[in-house]
Amino acid sequence: MNGSHHVDKETARRARLRRWRPCLAALVAGVLAAGLVTAEPAAALPGATEESFWSPTATPSPRLSNGRRPVELGMRFTASRAGTVTALRFYKNPGSTAEHTAALWDDRGDRLARATVTAETRQGWQEVRLAKGVALVPGRTYTVSYFSADGRYAVVPRYFTRNSPRTDSLRAQARNGVYSYDSSAFPRRTSAGHNYLVDVVFQPATTSPSPSPSPSPTPTRTPTPTPTPTVTPTPTATPTATPTVTHTVTPTVTPTVTPTVTPTSKTDCDLPRHPRPSCVGVPPGARLTTVKGNVTAAKNGQVIDGQHITGDLIITASDVVIRNSQIDGLITNWETGGSFTITDSTVGPPSGCSINPAVGEKNFRAERISVRGFDDGFRMSGKNVVVRDSYVKLCGPPTSHSDGIQAYCPGKIVCSGLVFDHNTIDQRQAPEHSDPINLVDKNLSAVTVSDNLVAGGNYSLLLKWHSGPKWQVAGNKIVHEAWDFGAVSSEDTCENIDWGAGNAVVTIDQDYRITKTVKTLPHCVE
């Protein structure tokens, strides 16, 4: 649909305000940690014929993300009775100037409605009426979302970790705040419980008698927590798939001092132990030659040995070898997919947090790598990726969606052949996060996840099989209660996951040594 098919937005907005005005006193239930005003169930209001999670006069105080990467943002919800969605809503912060589209999706990711929001105001709730309402089936999960082409949006961080908003007929899912980058598509990825301030207008199929004044909705309302101080927003940069800096400092990688240092014995990190900082990265004693700025590896078979590259490393050739080196920026072969191998090296800045994947995208092998200072560790956007014996310490500034390993396969990109074996991913100090292992992309197949130690995240291990052979998952250790929602979720695809032996929930010490097995995980978790 487009804006010409909808009733005048301002007229609709005023009508909504008239419906809500008599009951504003009942709408203010408390103030969230980030300043959002909560509302009572809309259907309980006198004379109201439609329901929404939040009043059109609610005045949140969200953060503004200046990501600049196009993003679809949504909220999952269910209906307890039949009815129709008649309009879609989202809260706009003044920094966003792009046109917005809103959408409604079913639980299979099929789009049920789409509408362009016209006559937007500079700030506040924006509403677009649907030319034809969408009937909801009770008990099914739906997602309401909107697309921000300029990547700017309003967000109340971690709202859904403390709140479960509902109306008489609708309830938001506990595991909520979903998103998808780059194009308007079904938002599959789950945030750390962020509220992106997206809403629906729902009209129940039948008019039920109003409840008597004595039974109030209080017993079903989730108590609002005491406000806690919010972190001052920090503008964040969002990863761009194709590096824009391309000055080709292509060093002749035959340094005057060729390192002969071999990695120190890694037996202390061999199974049953796991990688930790002392046995990965640049070997102790290695002498590095500094190369300032970004570097492009443009020769087939090029060897980068003993280098300290202060910028990004861009791979455009094939069979590139990187070893015993420190790269302060990211490593990517997005443009050409040229193959590379990296061993015994450190990737990431010594301080700060870069909102990018540290190493990607396809046709690469990484062993004994230390990743630091990135919100994403490894990213797969193609075929043939092997990551072994590596350590990732993730960061996660406000509005980040941190992952340790993720598959990002937009459009017709096919991701196949991932081996993620015997790595440690620590996400416990990344407050804004998704999952240490996040493998849910619909174009991903042929996956092995084995013998990893993972800590933190919404789910520490988030999997979703879509096609191809059964995935192999065995021997993974998950740090006890370091997650938000659970240790594992396989998104109802367990029948296509070969769940092997050795998966367990454990406790660890400061050196990542397992101190106790809390429980084994003998079966796949849906």
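Residue numbers (full-length UniProt numbering): 1 to 526. Yeah, the Cβ is synthetic: ideal placement off N, Cα and C, and Gly gets one too.
Got a sec? Which residues, its chain only, sit under 8 Å from residue i by beta carbon, not counting five neighbours each side?
{"i": "Ser-169", "result": "Ala-43, Glu-51, Ala-79, Ser-80, Arg-81, Gly-83, Phe-202, Pro-204"}
{"i": "His-422", "result": "Leu-271, His-274, Pro-275, Arg-388, Asp-389, Ser-450, Asp-451, Asn-452"}
{"i": "Leu-136", "result": "Ala-79, Ala-82, Gly-83, Thr-84, Val-85, Tyr-142, Phe-202"}
{"i": "Gly-337", "result": "Glu-361, Lys-362, Asn-363, Gly-382"}
For residue i, count neighbouring C-beta atoms within 10 Å of its own C-beta (all shown protein chains included) and say buried if the count is 16 or more, exposed if not.
{"i": "Glu-361", "result": "buried"}
{"i": "Pro-62", "result": "buried"}
{"i": "Ala-102", "result": "buried"}
{"i": "Asp-498", "result": "exposed"}
{"i": "Thr-97", "result": "exposed"}
{"i": "Pro-397", "result": "buried"}
{"i": "Leu-271", "result": "exposed"}
{"i": "Gly-109", "result": "exposed"}
{"i": "Asn-503", "result": "buried"}
{"i": "Pro-22", "result": "For Pro-22, the pLDDT reaches just 33, beneath the cut-off of 50, and the residue's location in the model is therefore unreliable, although a value from the coordinates is still provided. Exposed, because fewer than 16 other Cβ atoms sit within 10 Å of the Cβ of Pro-22."}
{"i": "Lys-412", "result": "exposed"}
{"i": "Arg-323", "result": "buried"}
{"i": "Glu-526", "result": "exposed"}
{"i": "Asn-300", "result": "exposed"}
{"i": "Lys-464", "result": "buried"}
{"i": "Glu-495", "result": "exposed"}
{"i": "Gln-429", "result": "exposed"}
{"i": "Val-518", "result": "exposed"}
{"i": "Pro-157", "result": "buried"}
{"i": "Gly-329", "result": "buried"}
{"i": "residue 553", "result": "Residue 553 lies beyond the range of the chain shown here (1 to 526); nothing can be said about it."}
{"i": "Asp-376", "result": "buried"}
{"i": "Thr-515", "result": "exposed"}
{"i": "Lys-393", "result": "buried"}
{"i": "Ile-508", "result": "buried"}
Could you spell out where the beta strand (DSSP E) holding residue i opens and where it closes?
{"i": "Arg-379", "result": "364-380"}
{"i": "Trp-105", "result": "100-105"}
{"i": "Asp-403", "result": "403-407"}
{"i": "Ile-314", "result": "313-315"}
{"i": "Trp-499", "result": "497-499"}
{"i": "Glu-361", "result": "354-361"}
{"i": "Gly-417", "result": "415-421"}
{"i": "Leu-463", "result": "459-463"}
{"i": "Ser-445", "result": "444-450"}
{"i": "Ala-455", "result": "453-455"}
{"i": "residue 536", "result": "With the chain covering only 1 through 526, there is no way to say anything about residue 536."}
{"i": "Asn-438", "result": "437-439"}
{"i": "Val-486", "result": "Residue identity check: residue 486 is Gly in the sequence provided, not Val. Start and end: 486-489."}
{"i": "Lys-477", "result": "477-479"}
{"i": "Leu-394", "result": "391-394"}
{"i": "Trp-471", "result": "471-474"}
{"i": "Ala-297", "result": "295-297"}
{"i": "Lys-292", "result": "First-last for Lys-292: undefined, no H or E at that position."}
{"i": "Thr-424", "result": "424-426"}
{"i": "Arg-388", "result": "383-388"}
{"i": "Val-347", "result": "340-347"}
{"i": "Arg-323", "result": "320-323"}
{"i": "His-308", "result": "307-309"}
From the options, pick the residue whose C-alpha is nearest to that of residue i; which is it?
{"i": "residue 527", "options": "Arg-69, Ser-325, Gly-124, Leu-104", "result": "It is not possible to answer for residue 527, since the shown part of the chain is limited to 1 through 526."}
{"i": "Arg-368", "options": "Asp-376, Trp-105, Thr-341", "result": "Thr-341"}
{"i": "Leu-444", "options": "Gly-468, Ile-437, Gln-427, Ser-460", "result": "Gly-468"}
{"i": "Asp-511", "options": "Phe-160, Glu-99, Ala-185, Tyr-391", "result": "Tyr-391"}
{"i": "Gly-193", "options": "Pro-357, Ser-325, Pro-410, Arg-76", "result": "Arg-76"}
{"i": "Asn-176", "options": "Thr-167, Arg-129, Thr-141, Ala-298", "result": "Thr-141"}
{"i": "Pro-436", "options": "Ser-191, Thr-520, Gln-126, Arg-365", "result": "Ser-191"}
{"i": "Gly-139", "options": "Arg-114, Asp-106, Leu-112, Thr-116", "result": "Asp-106"}
{"i": "residue 560", "options": "His-433, Val-71, Leu-288", "result": "For residue 560 there is no data in the structure shown, the boundaries of the chain being 1 and 526."}
{"i": "Ser-345", "options": "Pro-277, Asn-333, Gly-337, Asp-403", "result": "Pro-277"}
{"i": "Cys-279", "options": "Thr-343, Arg-171, Lys-292", "result": "Thr-343"}
Go through its chain and collect everything with a Cβ distance to residue i's Cβ below 6 Å, but skip five positions before and after it.
{"i": "Ile-327", "result": "Ile-309, Leu-313, Val-347"}
{"i": "Thr-248", "result": "With a pLDDT of only 36 at Thr-248, under 50, the local geometry of the prediction cannot be trusted, and the value read off the model is given with reservation. Closer than 6 Å at Cβ, skipping near neighbours: Thr-296."}
{"i": "Arg-122", "result": "Pro-94"}
{"i": "Ser-418", "result": "Ser is not the amino acid found at residue 418; the sequence shown has Leu there. Hits under 6 Å: Met-380, Val-385, Val-447."}
{"i": "Phe-378", "result": "Val-359, Val-387, Ile-405"}
{"i": "Glu-491", "result": "Lys-464"}
{"i": "Val-473", "result": "Val-449, Ile-497, Trp-499"}
{"i": "Gly-486", "result": "Tyr-459"}
Identify, in the order they occur along the chain, each residue of the same chain with its Cβ nearer than 7 Å to the Cβ of residue i, setting aside the five sequence neighbours on each side.
{"i": "Leu-73", "result": "Ser-145, Tyr-146, Ser-148, Tyr-153, Tyr-179, Pro-187, Tyr-196, Val-198"}
{"i": "Ala-174", "result": "Phe-160, Ser-164"}
{"i": "Pro-431", "result": "Gly-396"}
Please check if any C-beta of chain B sits within less than 8 Å of the C-beta of residue i.
{"i": "Ser-445", "result": "In summary, chain B is missing from the structure at hand, where a single protein chain is found."}
- Completely contained beta strand (DSSP E) runs for the UniProt region "Disordered" (48-69), where each covers 3 or more residues: 63-66
- Item | Segments of 3+ residues assigned as beta strand (DSSP E) that fall wholly inside the UniProt domain "DUF4082" (58-198) | 63-66, 71-79, 83-92, 100-105, 111-116, 124-136, 141-148, 152-155, 170-172, 178-181
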